[in-house]
Amino acid sequence: MDLLPVFDILLKSYGQRYWWPAETAFEMMVGAILTQNTAWTNVEKAIAGFGDRLYPEYVAEADSAELAEIIRSTGYFNQKVIKLKALTAWFAGYDYDVEQARQVDGETLRRELLSVRGVGPETADSILLYALDKPFFIIDTYTRRILYRLGYDIPKSYDELRLMIESRIPQDIYLYQEFHALIVEHAKRHCKKKPVCSECPLEKRCRKRIE
DNA sequence: GTCCAGCACG
DNA sequence: CGTGCGGGAC
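Just so we're aligned, residue 2 is where the first sequence starts under this note's numbering, counting upward by one.
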């Protein structure tokens with residue numbers, strides 16, 4: 002599994018992504034919850050709906066029905082209200098200060114995040130990588146789909162695939178952040194569920210397997 | 001009508 | 001391992 006050439010091709014094709022798009026670390030965490038099984042365009046509406054209220058004290062205190070109305074466009078809004086409040090309660094343990102959280106080692110933070118209601122492995126690793134600067138490689142549907150079509154043998158479990166990738170590329174925050182962002186871009190432009198293979202930058206390396 | 005950046009629960 | 005959660009884009 003030689004992944005760096007794939008990264009280089011995607012980087013040359015799409016350019017730097019500078020992900021994740023968020024003004025603050027807390028906004029990033031909120032976005033990670035809201036985008037679960039949801040298109041990002043629907044998340045943007047919700048983020049905008051917060052206006053100047055996108056800070057942890059508001060989410061902690063806000064009436065659930067009011068919060069649900071703000072994030073309605075992201076779907077699963079009743080569940081996501083619970084998740085947002087649970088994640089914010091975890092963040093309170095660090096005085097809503099991302100610098101404090103960053104002092105803690107990554108494995109500890111990951112265990113903590115996974116114990117938060119509504120935070121699974123993908124959401125945890127997204128927060129770790131993009132808000133807390135910890136090198137955990139995010140595995141999402143896009144990652145699996147693209148690697149599968151490229152012909153790699155994909156382990157079934159989330160952590161097996163994550164550890165496999167992490168063991169094969171340099172442990173570098175920038176690389177992890179940019180690589181995941183490029184995977185998302187590639188999945189949206191070409192490697193969709195129904196692939197759009199014309200002008201695909203990875204065409205030469207792809208098995209062109211459909212499903 | 002169908003599809004889509006997960007997760008918790010039974 | 002199957003199901004519920006839910007909106008918006010197409």
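Glycine included, C-beta positions come from ideal geometry on N, C-alpha and C.
Note the first and the last residue of the continuous alpha helix (DSSP H) segment covering residue i.
i: Val82; result: 78 to 93
i: Met29; result: 26 to 35
i: Val44; result: 41 to 51
i: His187; result: 174 to 190
i: Glu62; result: 57 to 62
i: Gln101; result: 99 to 103
i: Met165; result: 159 to 169
i: Phe137; result: Counting along the chain, Phe137 falls outside any alpha helix (DSSP H), and DSSP gives it neither H nor E.
i: Thr75; result: Here Thr75 belongs to no alpha helix (DSSP H), and DSSP marks it neither H nor E.
Give me, in chain order, the residues of the same chain whose beta-carbon lies closer than 8 Å to that of residue i; leave out the 5 immediate sequence neighbours on both sides.
i: Leu133; result: Ala26, Val99, Ala102, Arg103, Gly107, Leu110
i: Leu151; result: Val7, Leu203, Arg206, Cys207, Arg208
i: Glu200; result: His191
i: Glu167; result: Pro136, Phe137, Phe138
Taking the straight line between their C-alpha atoms, what separation do you get for residue i and residue j?
i: Cys207; j: Tyr153; result: 10 Å
i: Ser65; j: Gln80; result: 10 Å
i: Lys46; j: Glu62; result: 21 Å
i: Leu55; j: Lys13; result: 35 Å
i: Gly32; j: Ile147; result: 23 Å
i: Ala213; j: Ala87; result: Residue 213 lies beyond the range of the chain shown here (2 to 212); nothing can be said about it.
i: Glu67; j: Thr42; result: 21 Å
i: Ile128; j: Val197; result: 30 Å
i: Asp53; j: Tyr59; result: 10 Å
Going by beta carbon distance, what residues of the same chain come within less than 7 Å of residue i, once the five residues before and after it are set aside?
i: Asp141; result: Glu123
i: Gly245; result: The structure shown does not extend to residue 245, since the chain is modelled only from 2 through 212, so no value can be given for it.
i: Thr144; result: Ile184
Using C-beta distances below 6 Å, list every residue in its chain close to residue i, excluding the 5 sequence neighbours before and after it, in chain order.
i: Val82; result: Ser65, Leu68, Ala69
Run the proximity test for residue i: is its beta-carbon closer than 8 Å to any non-hydrogen atom belonging to the ligand ZN?
i: Val117; result: Looking for the ligand ZN in the displayed structure turns up nothing, as the structure carries no ligands at all.
_Quick check: the region 155 to 166 against the region 71 to 89, are at least 3 beta-carbon pairs closer than 8 Å?_
no
*With a cut-off of 8 Å, do at least 3 Cβ pairs link the region 5 to 12 to the region 36 to 50?*
no
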